[in-house]
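Data block below; observations after.
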Amino acid sequence: MDQTTRANRQAWETASEKHVREYSDLLAVAAAGSSLIDLERELLREILQRAPEVVHLQSGNGTDDVALAQAGARSVVGVDFSEVAVRAAQQRADELGAPCRYVVGVLPGAPLPDASADLVYTGKGAVIWMRDLDAWAADIARLLRPSGHLFVYDEHPAFSLWTWDEDEPRIRPDRSYFAESHVDDTYPANGAVQFQATLGRIVTAVAAAGLEIRHLAEYPEPFWRMGGVSAASWNGRLPNSFSLLARRPAA
Ligand SMILES: C[S@@+](CC[C@H](N)C(=O)[O-])C[C@H]1O[C@@H](n2cnc3c(N)ncnc32)[C@H](O)[C@@H]1O
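Residue numbers 149 to 399, in this note's numbering, belong to the letters of the sequence shown in order.
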């Protein structure tokens, strides 16, 4: 593991203590299935009807996993490098009787067998922590069975450019769409290094791994609105999140 990833992991171990402090609240969110939002349900409807075995990369608090199981997934295996997050997610899933299992692993390089997933699900603050997108996409292609799908719903690569001014959107003077990284200066992973990739770079990495792009969409709504912040940049004029669905070709 390189030094930046080691430091990021430490930042996430600390940030994931939040999942422990907010255990009961997150248990209620998981039980209600509300973290899987409408656009995800719509895009995943047909796939979930086939009772897929799901791998969730960077599974974090795991609330999405319980929701995926409720929506039809036969099982979900979450992978995350935070032991704190993995422990809390497993405890929550066990308490709810959900078919979810969690493993600690540094990504890319999931400690799971080849062709073990019908659906690889990831996002909500995930891709920004992957420095090597080609390795990330290749790992996903390896995990997927033929005809299996990758689904991403995540922060738009332009999201970190916008100021959080309430009067009107502005571009942060210290950010560039084409930079390679920046230091996260907001909660929860304050101080960690976020990697940057243009939307073209993300899509090209997925295609280069041999997956067929089925859907790509950009949205004005961020995947997460930090409490107490009402940024003008989130009010409908700028891209703040995206979704991508890709498929491993049939054998
Ligand atoms: C913003 S959270 C999102 C997680 C999840 N999608 C959710 O909604 O809870 C990002 C997660 O990525 C994990 N992470 C970051 N870099 C990672 C890496 N290189 N390998 C494995 N996990 C990583 C962190 O521990 C954290 O749980």
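Backbone N, C-alpha and C define an ideal beta-carbon position, used for all residues, glycine too.
Asked: Among all the DSSP beta bridges, which residues are the ones paired with Glu366?; Found: Phe390
Asked: Decide if Phe326 is buried, meaning its Cβ has at least 16 other Cβ atoms within 10 Å, or exposed.; Found: exposed
Asked: So, is Trp277 buried or exposed, given that buried needs 16 or more other C-beta atoms within 10 angstroms?; Found: buried
Asked: Using the Cβ count rule (16 or more neighbours within 10 Å means buried), how would you classify Arg279?; Found: buried
Asked: So which of Ala399, Gln218 and Pro305 has the shortest CA-CA distance to Pro370?; Found: Pro305
Asked: Only counting runs of 3 or more residues, tell me where the beta strand (DSSP E) segments fall wholly within the segment 262-305, in order along the chain.; Found: 265-271 and 292-303
Asked: Does Glu177 come out as helix, strand or coil in the three-state DSSP assignment?; Found: The residue asked about is misnamed: residue 177 is Val in this sequence, not Glu. Helix.
Asked: Would you report the Cα separation of Ser230 and Asp322, rounded to the nearest angstrom?; Found: 29 Å
Asked: Can you check whether the CB of Leu281 is closer than 9 Å to the CB of Val275?; Found: yes
Asked: Using 10 angstroms around the beta-carbon of Gln206, count the other beta-carbons present and answer buried if the total reaches 16, otherwise exposed.; Found: buried
Asked: Go through its chain and collect everything with a Cβ distance to Asp262's Cβ below 8 Å, but skip five positions before and after it.; Found: Arg290 and Leu291
Asked: Please identify the residue among Leu196, Ile185, Glu194 and Val232 whose C-alpha is closest to the C-alpha of Glu165.; Found: Val232
Asked: According to the Cβ coordinates, are Ala237 and Gly208 closer than 9 Å?; Found: yes
Asked: So is Val227 buried or exposed if we call it buried at 16+ other beta carbons inside 10 Å?; Found: buried
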